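The numbering of the sequence shown is full-length UniProt numbering, which starts it at 1 and goes up by one. Idealized CB from N, CA, C, for every residue including glycine. Just so you know, these numbers come straight off a predicted model, no measurement behind them.
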Amino acid sequence: MLSLLLLAGGQVDGADFQAWKVAHGKAYGSAADESVHFAAWSANRALVSRLASLSGSGELPEADAVRMALNGFADVAPETFARERCGLRPPTAARRKTAHRVVYRPPPAGAPAPAEPAELDWRELGLVTKPKDQGSCGSCWAFSAVAAIEGQHARQTGVLVTLSEMNLVDCVHNETINPTPPAPAALAAAAGPPAEKCCDGCSGGLMDVAYEYLLDRQAGGIDTEDGYAYRPRESRACLFMPKAVGATIRGWVDVPVGDEGALLHAVATVGPVSVGVDARAWQLYFGGVFPGFLCSKSPAEMDHGVAVVGFGTSAHGTPYWIVKNSWGALWGERGYLRLHRGSNACGVANAATYTIM
C-alpha cells in the first residue's frame, strides 16, 4: 500500500499563506497578483491533501512513500508551471536517423550478460555538475543535453567542466527533425516522414536536435558556462565563441525506446544519460521514490528533459533511478528526484540518449 506524506493540511486560510510567503521569501507586485498566487497555492494545498489520501497501488512499500510539499513553487498553477519549467518537444514522427546518430548495439545474443552493479551514483564519481536552475524558461531540453555531455566529457578527460545551456537556448532555433532528401513524386511514399521543425529556446526543444546542431553548426563544440553564461530568457542572437568551447561531441546514441534494461546498461557502462519524462506531477515533489501511477509512460505525454545519473535500491527493496532536474537545489532531494525503476515510470526510457566524445 502506498501513502504520501502530507506536509500541508487542514483548512486553508490567509495566515497559513502569509507564513508560507515568509518562509519562501515571496513578495508580489500588487494585491491582484497576490490573489492569483494565493488561489494557486490554495489549489496546490488541496492537491497535496488529495495525494496523501491515495492508497492501495501496491507499487511501493509504505516506507518509501513519495513526499509532496508546499515548496517554493506552490504558488504557481500547474499549467503555468509546466509552461514555464518544462519544454520538451518530442518529435511526432519516428526517431531521427542522421549521419551523426549511432545505432545502439546491445550485447550479442548468447553472450554473458554484463554484470551491472546493484547501485551506482555518478555524482560520487565526479561526472555530475551541481544542480542548476532553468528559471521561468522552457529550456529543460538544453539542461538535459548538457548534463549528458558534461558526464561524457568528464569520463573521457577526468575533468568535470560546467557547460553552457545558453549556447543551445540562443542558437538552436527552427532546426529540421527527420529531414528527407528531395525525391521524385513516384518515390515520395518511400521518402520517409515529413520534416518537422524544432526548437525555440525558452519555448521548448529536443535533446537529439541539440546534438545535431552542435555537430552541424559548431563542429561538435559547446561553450563553457563561464564563456556563455545562462539567463532564463533567449537573446535571439547566437553568441557562440569557438575560443570558449569546453567539450566536443562526435555523435550520440539513442537507447531503444521503452527499454529500461538498455537504459540500465547505458547508465552503468557509459555515464549520465539524457532522458525525457512526463513531469506534470513533479512540481511539489519533496522526497521519497516517485511512483509510476502518478504520471504517464506514454511517449506523447513527455514534457520535460532531465538526466539519469545513477540508480539504486532502497533499504526496503524499492528500485529507483537517480534523476537530476533543473529546477534548482531547493526542489526535491537537493535538486534530484528518485523515480521508480522497473515500470518505465513517467516514460523515463522512452527518449534516452547519450553522447559520444
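| query | Between residue 152 and residue 141, what straight-line distance do the alpha-carbon atoms span, to the nearest angstrom? | reply | Going by the C-alpha atoms only, they are around 17 Å apart.
| request: Taking only the alpha-carbon atoms, compute the straight-line gap between residue 40 and residue 300 and give it to the nearest angstrom. | output: Their backbone Cα atoms lie some 27 Å apart in a straight line.
| field | Within the stretch 220-254, ranges of the beta strand (DSSP E) (whole runs, at least 3 residues) | value | Fully enclosed beta strand (DSSP E) runs of no fewer than 3 residues occupy 221-223, 245-248 and 251-254 of the stretch 220-254, in order along the chain.
| request: Look at residue 364 and residue 311 and say whether their C-beta atoms are less than 8 Å apart. | output: No statement about residue 364 is possible, as the shown extent of the chain runs from 1 to 357 and does not include it.
| task | Whole angstroms is fine: what's the gap from residue 124's alpha carbon to residue 32's? | result | Their backbone Cα atoms lie some 46 Å apart in a straight line.
| Quick one: Cα of residue 243 to Cα of residue 173, how far? | If you take the alpha carbons of residue 243 and residue 173, they lie about 22 Å apart.
| request: Could you tell me the boundaries of the beta strand (DSSP E) in which residue 284 lies? | output: Residue 284 -> no beta strand (DSSP E), and no H or E assigned at all.
| Rounded C-alpha distance that separates residue 85 from residue 133 | Residue 85 and residue 133 have their C-alpha atoms spaced approximately 10 Å apart.
| field | For residue 280 and residue 296, the rounded distance between their alpha carbons | value | Each residue's Cα considered, the two are about 9 Å apart.
| said: Checking the sheet assignment: what are the DSSP bridge partners for residue 356? | reply: According to DSSP, residue pairing for residue 356 in a beta bridge involves 251.
| query | With a Cβ-Cβ cutoff of 8 Å, do residue 127 and residue 155 count as a contact? | reply | For residue 127 and residue 155, yes; Cβs fall inside 8 Å.
| query | Could you give the distance in angstroms between the alpha-carbon of residue 17 and the alpha-carbon of residue 62? | reply | In this structure, the CA atom of residue 17 is about 30 Å from the CA atom of residue 62.
| field | Residue environment, residue 316, which counts as buried when at least 16 other CB atoms sit within 10 Å | value | If you draw a 10 Å sphere on the C-beta of residue 316, you find fewer than 16 other C-beta atoms in it, and that means exposed.
| field | Where residue 79 falls, given that 16 or more other Cβ within 10 Å makes a residue buried | value | Looking at its Cβ environment, which holds fewer than 16 other Cβ atoms inside 10 Å, residue 79 is exposed.
| message | Tell me the rounded alpha-carbon separation between residue 237 and residue 53. | response | Straight through space, the alpha carbons of residue 53 and residue 237 are spaced by roughly 49 Å.
| said: Please state the DSSP three-state secondary structure of residue 307. | reply: Annotated three-state conformation of residue 307 is strand, per DSSP.
| query | Among residues of its own chain, excluding the 5 on either side of residue 338, which ones have a beta-carbon nearer than 6 Å to its beta-carbon? | reply | The answer, listed in chain order, is 289 and 320.
| field | Local Cβ density within 10 Å of residue 117, reported as buried at 16 or more and exposed below that | value | Around the beta carbon of residue 117, a 10 Å sphere encloses fewer than 16 other beta carbons of the protein chains shown; the residue is thus reported as exposed.
| said: Using CA atoms only, rank isn't needed, just tell me which of 303, 282 and 326 is closest to residue 294. | reply: In terms of CA proximity to residue 294, 282 leads the group 303, 282 and 326.
| request: Express the C-alpha separation of residue 250 and residue 239 in angstroms, rounding to a whole number. | output: About 22 Å.
| Going by Cα to Cα distance, which pick from 265, 306 and 345 is closest to residue 144? | Among 265, 306 and 345, the Cα nearest to that of residue 144 belongs to 306.
| Taking the alpha carbon of residue 303 as the point to measure from, which residue in 292, 322, 291 and 275 has its own alpha carbon closest? | Sorting 292, 322, 291 and 275 by C-alpha distance to the C-alpha of residue 303 places 275 at the top.
| message | To the nearest angstrom, how far is the alpha carbon of residue 14 from that of residue 208? | response | If you take the alpha carbons of residue 14 and residue 208, they lie about 46 Å apart.
| query | Does DSSP classify residue 180 as helix, strand or coil? | reply | A caution first: residue 180 carries a pLDDT of 45, below 50, which makes its placement in the model unreliable, though a value can still be read off. Three-state result, residue 180: coil.
| task | Output the boundary residues of the beta strand (DSSP E) element that contains residue 36. | result | Taken as a continuous stretch (DSSP letters only), residue 36 belongs to no beta strand (DSSP E), being part of the alpha helix (DSSP H) at 31-52.
| Cβ separation of residue 352 and residue 273, assumed to be a contact under 8 Å, to the nearest whole Å | 5 Å between Cβ atoms; contact.
| Can you list, in chain order, the residues of its chain whose CB lies under 8 Å from that of residue 255, leaving out five sequence neighbours each side? | 104, 262, 263, 266, 273, 349, 352, 353 and 354, listed in sequence order.
| message | Among the candidates 164, 197, 20 and 175, whose CA atom is the shortest distance from the CA of residue 231? | response | Ranking the options by Cα distance to residue 231, first place goes to 164.
| Measuring CA to CA, which of 332, 284 and 323 is closest to residue 46? | Nearest Cα to residue 46 within the set 332, 284 and 323: 284.
| field | As assigned by DSSP and simplified to three states, the class of residue 136 | value | Of the three classes helix, strand and coil, the one that applies to residue 136 here is coil, per DSSP.
| field | Sequence-distant residues of its chain with Cβ nearer than 8 Å to residue 120 (five each side left out) | value | Answer for residue 120: 267, 268, 310, 311 and 312, listed in chain order.
| request: Starting from residue 339, trace the beta strand (DSSP E) both ways and give me its first and last residue. | output: Taken as a continuous stretch (DSSP letters only), the beta strand (DSSP E) holding residue 339 covers 336-340.
| query | Where residue 211 and residue 327 are concerned, what is the direct C-alpha to C-alpha distance, given to the nearest angstrom? | reply | Put simply, the backbone Cα of residue 211 is about 22 Å away from that of residue 327.
| field | Continuous alpha helix (DSSP H) stretch holding residue 327: start and end | value | Where residue 327 is concerned, there is no enclosing alpha helix (DSSP H), because DSSP gives it neither an H nor an E.
| task | Could you please give the first and the last residue of the uninterrupted alpha helix (DSSP H) stretch that includes residue 209? | result | Bounds of the alpha helix (DSSP H) holding residue 209 are 207-217.
| query | Can you list, in chain order, the residues of its chain whose CB lies under 7 Å from that of residue 218, leaving out five sequence neighbours each side? | reply | Taking residue 218 as the centre and dropping the five residues before and after it, the same chain places the C-beta of 240 closer than 7 Å to its C-beta, in chain order.
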